[in-house]
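Just add 173 to wherever you are in the sequence shown, counting from 1, and you've got our numbering.
One structure below.
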Amino acid sequence: MGSKFFIRAGIFWRQALIALTILSYILKCKYEEFWDSTYFDGKREFSYCTGKFLGLLYQGIAIFNISISLYALYFLVPI
Numbered sequence: 174m175g176s177k178f179f180i181r182a183g184i185f186w187r188q189a190l191i192a193l194t195i196l197s198y199i200l201k202c203k204y205e206e207f208w209d210s211t212y213f214d215g216k217r218e219f220s221y222c223t224g225k226f227l228g229l230l231y232q233g234i235a236i237f238n239i240s241i242s243l244y245a246l247y248f249l250v251p252i
């Protein structure tokens, strides 16, 4: 039980940090700057804040998928 608890706590802690970081970027960046995108040579480029937000969002989704997989392993495989 001890190792399972620490692994689950670590996963929860990582998800909480990602959520807080995403919220800090949303609050830090202005609404216009955050969602504004510019067109350069026919290509769409996002602002710096939007890029950081999307990167953290994808990282959060990946961590969530890994945590679901680990939970499934805990319930299916006896340790």
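Positions of the beta carbon are idealized from the N, C-alpha and C atoms, including for glycine.
None of these values were measured; they are calculated from a predicted model.
Residue i and residue j closer than 8 Å at C-beta
i	j	result
I241	R187	no
Q232	I184	no
Inter-residue CB distance, residue i and residue j (contact presumed, cutoff 8 Å)
i	j	result
L229	I195	5 Å
Closer than 7 Å: residue i CB and nearest the ligand ATP heavy atom
i	result
G228	Inclusion of the ligand ATP in the displayed structure is not the case, the ligand content being empty and no account of it being possible.
Beta carbon proximity, residue i to chain C, threshold 8 Å
i	result
L243	Among the chains in the structure shown there is no chain C, since it carries only a single protein chain.
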